[in-house]
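A.B. asks: Reading the sequence shown from the start, the letters are residues 7 to 60 in our numbering.
Just so you know, even glycine gets a beta-carbon here, dropped at the ideal spot from N, CA and C.
Have a look at the structure that comes next, please.
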Amino acid sequence: MTSQQNNPDVAVLGSRLTVIDEQPLEQRAAAFVQLHDELQARLEGADLPAGDVA
């Protein structure tokens, strides 16, 4: 088992990408934009020092 398989966030992301990929093109594009925005916000939030709230 790899470290990716042990990480529930990776499994959830993989499942979500599968669901998105099965959608019609227009819906898929919107879903990828939403996912991008969520991931970007999460990564930017990880840059905050402990105790800071955005």
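(1) According to DSSP, simplified to helix, strand and coil, what is N5?
(2) I need the boundaries of the alpha helix (DSSP H) containing E32, first residue and last residue.
(3) Assuming D27 and R34 are in contact, meaning their beta carbons sit under 8 Å apart, how far apart are those beta carbons, in whole angstroms?
(4) When the Cα of S21 is compared with those of L41, D53, E32, P30, which residue comes out closest?
(5) Between D53 and V16, what straight-line distance do the alpha-carbon atoms span, to the nearest angstrom?
C.D. replies: Let me lay it out:
(1) Past the boundaries of the shown model lies residue 5; the chain is included only from 7 to 60, so the question cannot be answered.
(2) Here residue 32 corresponds to residue number 26 of the sequence shown, with the count starting at 1. Residues 31-52.
(3) The count along the sequence shown starts at 1 and reaches residue 27 at position 21. The count along the sequence shown starts at 1 and reaches residue 34 at position 28. Rounded, the Cβ-Cβ distance is 7 Å, consistent with contact.
(4) Looking up residue 21 in the sequence shown gives position 15. Residue L41 is the option with its Cα nearest to S21.
(5) Within the sequence shown, numbered from 1, the residue matching residue 53 stands at position 47. Within the sequence shown, numbered from 1, the residue matching residue 16 stands at position 10. So the alpha carbons of these two residues sit roughly 20 Å apart.
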